[in-house]
Structure formats: structure tokens, C-alpha cells
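Counting in this note's numbering, the sequence shown runs from 9 upward without gaps.
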Amino acid sequence: MALSISAAVLLGIIVAVLVKGGYVRVGSAVACTLFGFTLAATGLAPAINSGIASVAGLLSSL
9 MALSISAAVL LGIIVAVLVK GGYVRVGSAV ACTLFGFTLA ATGLAPAINS
59 GIASVAGLLS SL
């Protein structure tokens, strides 16, 4: 749970910086966010979560 909250905050900060810097438009950021919420409601969500957890475990062991 703590990993998902931390990842969401980190990604939110990254998106905010990219939008403010003009690298990404607001409409594109909203579309990607809505796609993420839609993807989280599918059967693919457990595989994505385990992949993120594996990458986080790999990074923490370095």
C-alpha cells in the first residue's frame, strides 16, 4: 500500500512538472490519467502491480 501511494505521489509530481514546463499539454495528461484508471479496472491490473513491485524490489536491492 505504501508503495502505491508513494508511486502515485511521485508520478503526480512528475506530471505536474512536465505540464508546467510545457513538455506535455494538460489534455494529454488528463487522457493518460483516465486511461490509467480504466486500465486499473481490468484484469491486467494484478500483473501490472506485480511488475511494479518487482521493479521496486530490484531498485531497493541496489
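Ideal Cβ positions, reconstructed from N, Cα and C, are used throughout, including at glycine.
Counted as a single uninterrupted DSSP element, the alpha helix (DSSP H) harbouring residue 66 occupies residues 53-69. In its chain, beyond the 5 residues on either side, 37 have a beta carbon closer than 6 Å to the beta carbon of residue 23. In the three-state scheme derived from DSSP, where H, G and I count as helix and E and B as strand, residue 27 is classed as helix. Between residue 34 and residue 25, the gap from beta carbon to beta carbon reaches 8 Å or more. If you look at residue 32, you'll find it isn't in any alpha helix (DSSP H); DSSP assigns it neither H nor E.
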